[in-house]
Amino acid sequence: MPPSDSGRRSIDLGSGVSRRDVMRQLGAASAVGATAGLAGCSDLVFRDDEDGETGPGACEDEPNYQQIDLIPPPTDLDYESGGRELEVNMVTHDAATSFFDPTVAGLHDAASQVGWSANFSGPTGGEDIEEQVTILESTVDAGPDVILTTIIDEHAYDSVLEEAVENDIVVLAYNANSLSTEQMEDRLGRSLAYVGQDNYAAGYVCGLAAAERLESEDGQVTIATCCPGHSALGERAAGIEDALTEETGVETDTLDVTDDSNEGIGRLENHIASTENLLGIVGTDAYTWFIGEALESQGVEDELLGGGFDLEEPTMEAIDAGIMDYTIGQDPYSQGYVPTILAWLYVERGIPPKDYMTGAEVIDQENIEFALERDDWSALLDQQD
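Those letters in the sequence shown? Residues 1 to 385, by the working numbering.
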C-alpha cells in the first residue's frame, strides 16, 4: 500500500510470517505507543530486510524516530505556585455518537487530577467538518489555554489551527489526524502531538482477525464504512483489505452504510440478500453495530462473519450474544485522558507533547465479559457530574 496522506505508513510482511506472529508484532507496536515515538517514526513499520526476514524496520531508509522540537510553552513556568487552574476544550467532528463517552470521561478524569476545567463540544447532528470548524473558531475566540481536536480533513482546519497557535493556545490532536508531520510544520510551524490509533495498522489487525475466523476463502468480504472520504476510516479499510488479500484468497468490496441507523441497516440487509458468496462484513467505525442488526434480522448470524471497530454498547452486546464475532477497540478513554496530561506536562513542566499510539484491542467471546464490565462509562460520567 502506498504511504497514506496522514504520514502513517504501511506494514510490509514476508511470506513466511504467520498471522499469529504478525498479531504479536502489531500488539507490541501498539503497546509501546509513545515509546515507539522515542525510537522512531510515530508508528513502527515492518519490512523485509535483505535476507527476507521481517522485523521492526525503517521508515523507508531512515531509522524509526520521533523528533521532538523543544518549543517553550506559551506561558512562563512556575514551580512555586503549585499549579494553575487552566481551561482545556475538546472539540470533536461528531458529538452525536456515544463512542466519545469514554473520551469525555478520560478528559474529565485528567482535568480533575490537575485542577483544570474541561469542556467537550462538537456537531450534535452527526459528522460535520464545517460545523466542527465553526465550533473551533468560536472556541479559539473564547481563548482557552488548551484545545484538543480531531482533524479529519487535510485542508479544512488550516486557518483555525493557525489562529489557535498564533494566539498561544496549546493544540493537540486526538482520535484522528489527517495531517502529516510535514504538512503541520509547513502550515503551523510545528507538529501537533497525536493521541490515537495508527489507523492502517489497526485495520490490518482487524483484517487478520477476520482472516483467522473465516470458515471459507471462496467468496467475498464486504468492508462497511459510514463516511467515505474520511481519512482515518480509509486507512483502516486499506489495512483490512491488505490483510485479507495477503492472508486469504477472498475478494473484498466496500459499502457505504452512512451514519443513520435505519438507512445503514437497510443497506446492509439489501447487501446480504443480493450478494452471492458473501462470507462476512467488517466495519471500519463506531457504526459497526449496524452489521449485527442486519445479520440478526436476516437470520444469517451463524453463517456470516461479523466484525469491525469500536466499543459501542450494541456492538459489544452483539458479540456477547454470539451475533457478531469481534470488534477492534482503540482505547477511547486514553484519547481524552492522555492528551490532557500531555498538555499539563507542557504548560507546567515544559515537556513538549509526544505522539501516543492507543493500539488495537481484539474483543471477542473470550474477553467480552471483562470488556463489558470495564466499559460502563455512563456510571463514570454520572459520578463525574
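All C-beta atoms in this analysis are idealised placements derived from N, C-alpha and C, irrespective of residue type, glycine included. As the structure is a prediction and not an experimental result, all values here were calculated from the model.
Original post:
Where does His155 land, buried or exposed, given buried means 16+ other C-beta within 10 angstroms?
Top reply: Position 155 of the sequence shown, counted from the start, is the residue given in the question as residue 155. By the 10 Å Cβ count, His155 comes out exposed.
Original post:
So, using beta-carbon positions, are Val347 and Asp141 closer together than 9 Å?
Top reply: For the purposes of this step, residue 347 is taken as residue 347 along the sequence shown, with counting starting at 1. For the purposes of this step, residue 141 is taken as residue 141 along the sequence shown, with counting starting at 1. Contact flag unset, no.
Subject >> Residues of its chain near Leu381, where Cβ-Cβ distance is below 6 Å and the 5 sequence neighbours each way are ignored >> reply: Indexing the sequence shown from 1 puts residue 381 at position 381. Within the same chain, Leu381 has close Cβ partners Ala105.
**OP:** Could you check the C-alpha separation between Leu268 and Ser117 for me, to the nearest Å?
**Re:** By one-based count along the sequence shown, residue 268 stands at place 268. By one-based count along the sequence shown, residue 117 stands at place 117. Rounded to whole angstroms, Leu268 to Ser117 spans 42 Å at the Cα level.
Original post:
Does the segment 355–366 come close enough to the segment 148–164 that 3 or more CB-CB pairs lie under 8 Å?
Top reply: no
Original post:
Should the segment 123–132 be called in touch with the segment 201–209, which here means at least 3 C-beta pairs below 8 Å?
Top reply: no
Subject >> Same chain, Cβ closer than 7 Å to Ala211, neighbours up to 5 away in sequence not counted >> reply: Numbered from its first residue, the sequence shown carries residue 211 at position 211. Correct list, in chain order: Arg19, Ala243, Leu244, Glu247, Thr248.
**OP:** Check whether the Cβ atoms of Ile328 and Leu295 lie closer than 9 Å to each other.
**Re:** For this step, residue 328 is matched to residue 328 along the sequence shown. For this step, residue 295 is matched to residue 295 along the sequence shown. Not in contact: Ile328 and Leu295 (Cβ atoms no closer than 9 Å).
**OP:** Check the DSSP bridge columns for Leu278 and list the partner residues they point to.
**Re:** Taking the first residue of the sequence shown as position 1, residue 278 is located at position 278. Bridge partners of Leu278: Gln220.
Original post:
Which runs of the alpha helix (DSSP H) spanning at least 4 residues fall entirely within the segment 307–340, listed in chain order?
Top reply: 313–320
Subject >> Beta-carbon separation (whole angstroms), His271 vs Leu255, contact threshold 8 Å >> reply: In the sequence shown, counting from the first residue as 1, residue 271 sits at position 271. In the sequence shown, counting from the first residue as 1, residue 255 sits at position 255. About 6 Å separates the two Cβ atoms, so the contact holds.
**OP:** Identify whether Phe46 lies in helix, strand or coil by the three-state DSSP scheme.
**Re:** Position 46 of the sequence shown, counted from the first residue, corresponds to residue 46. In this prediction, Phe46 has a pLDDT of 34, which is less than 50 and means its spatial position is unreliable; what the coordinates show is noted afterwards. Of the three classes helix, strand and coil, the one that applies to Phe46 here is strand, per DSSP.
Original post:
Would you call the segment 213–221 and the segment 276–286 in contact, with 3 or more CB pairs under 8 Å?
Top reply: yes
**OP:** Return the CA-CA distance between Leu304 and Asn89, expressed in angstroms with no decimal places.
**Re:** Your numbering for residue 304 matches position 304 in the sequence shown. Your numbering for residue 89 matches position 89 in the sequence shown. So the two alpha carbons sit approximately 42 Å from each other.
Subject >> Separation of Pro123 from Gly359, as counted between CA atoms >> reply: The residue you call residue 359 lines up with position 359 of the sequence shown. The residue you call residue 123 lines up with position 123 of the sequence shown. One C-alpha to the other measures close to 26 Å.
**OP:** Could you check the C-alpha separation between Tyr287 and Leu188 for me, to the nearest Å?
**Re:** For the purposes of this step, residue 287 is identified with residue 287 of the sequence shown, where counting begins at 1. For the purposes of this step, residue 188 is identified with residue 188 of the sequence shown, where counting begins at 1. Distance between the alpha carbons of Tyr287 and Leu188 is about 33 Å.
Original post:
How long is the line joining the alpha carbons of Phe309 and Pro353, rounded to whole angstroms?
Top reply: Within the sequence shown, residue 309 is the residue found at index 309, counting from 1. Within the sequence shown, residue 353 is the residue found at index 353, counting from 1. Computed Cα separation, rounded: 27 Å.
Original post:
Over what stretch of residues does the beta strand (DSSP E) that includes Gly350 continue unbroken?
Top reply: Position 350 of the sequence shown, counting from 1, holds the residue named residue 350. First-last for Gly350: undefined, no H or E at that position.
Original post:
How about Glu166: is its C-beta nearer than 9 Å to some C-beta of chain D?
Top reply: Looking for chain D here will not work: only one protein chain is present.
Original post:
In this structure, does DSSP put Leu179 in helix, strand or coil?
Top reply: Position 179 of the sequence shown, counted from the start, is the residue given in the question as residue 179. The answer is coil: DSSP assigns Leu179 none of H, G, I, E or B.
Original post:
In whole angstroms, what is the alpha-carbon distance linking Leu214 and Glu185?
Top reply: Working through the sequence shown from its first residue, we reach residue 214 at position 214. Working through the sequence shown from its first residue, we reach residue 185 at position 185. Cα to Cα, the separation comes out at about 43 Å.
**OP:** Kindly list the residues whose CB is nearer than 6 Å to the CB of Gln25, restricted to its own chain and excluding five residues on each side of it in sequence; keep chain order.
**Re:** For the purposes of this step, residue 25 is taken as residue 25 along the sequence shown, with counting starting at 1. Any reading at Gln25 is ruled out, since the residue's pLDDT is 48, under 50, leaving its predicted position unreliable.
**OP:** Tell me whether the beta-carbon of Tyr174 lies closer than 9 Å to the beta-carbon of Val160.
**Re:** Taking the sequence shown and counting its residues from 1, one reaches residue 174 at position 174. Taking the sequence shown and counting its residues from 1, one reaches residue 160 at position 160. No, the Cβ-Cβ distance between Tyr174 and Val160 is not below 9 Å.
**OP:** Tell me where the alpha helix (DSSP H) around Glu235 begins and ends.
**Re:** Within the sequence shown, residue 235 is the residue found at index 235, counting from 1. 231–247 is the extent of the alpha helix (DSSP H) around Glu235.
Original post:
Which residue from Ile135, Leu192, Ala176 puts its Cα closest to that of Gln67?
Top reply: Indexing the sequence shown from 1 puts residue 67 at position 67. Ranking the options by Cα distance to Gln67, first place goes to Leu192.
Original post:
Hey, Val170 and Ala343 are a contact pair by Cβ (cut 8 Å); roughly how many whole angstroms apart?
Top reply: The residue you call residue 170 lines up with position 170 of the sequence shown. The residue you call residue 343 lines up with position 343 of the sequence shown. Right, the Cβ-Cβ distance comes to about 5 Å (below 8 Å), so this counts as a contact.
Original post:
The alpha helix (DSSP H) spanning Asp101 covers which residue range?
Top reply: The count along the sequence shown starts at 1 and reaches residue 101 at position 101. Unbroken alpha helix (DSSP H) run through Asp101: 101–114.
Original post:
Asp78 to Leu345, Cα distance in whole Å?
Top reply: Locating residue 78 in the sequence shown gives position 78, where the first residue counts as 1. Locating residue 345 in the sequence shown gives position 345, where the first residue counts as 1. Distance between the alpha carbons of Asp78 and Leu345: 12 Å.
**OP:** Within its chain, find whatever has a CB closer than 8 Å to the CB of Gly350; leave out the 5 residues flanking it on each side and keep chain order.
**Re:** The residue labelled residue 350 in the question sits at position 350 within the sequence shown. Cβ within range, chain order: Pro72, Pro73, Leu77.
Original post:
Is DSSP giving Leu255 helix, strand or coil here?
Top reply: Along the sequence shown, one-based indexing puts residue 255 at 255. It is a strand residue.
Original post:
What residues in its chain sit with their C-beta under 7 Å from that of Ala164, if we drop five residues either side in the sequence?
Top reply: Here the question's residue 164 lines up with position 164 in the sequence shown. Val140, Ile147, Val171.
Original post:
Can you list, in chain order, the residues of its chain whose CB lies under 7 Å from that of Ile368, leaving out five sequence neighbours each side?
Top reply: Position 368 of the sequence shown, counted from the start, is the residue given in the question as residue 368. Cβ within range, chain order: Met316, Ile319, Asp320.
Original post:
With 16 other CB atoms within 10 Å as the buried threshold, where does Asn262 fall?
Top reply: Walking along the sequence shown from the start, residue 262 turns up at place 262. When all chains shown are included, Asn262 counts as exposed.
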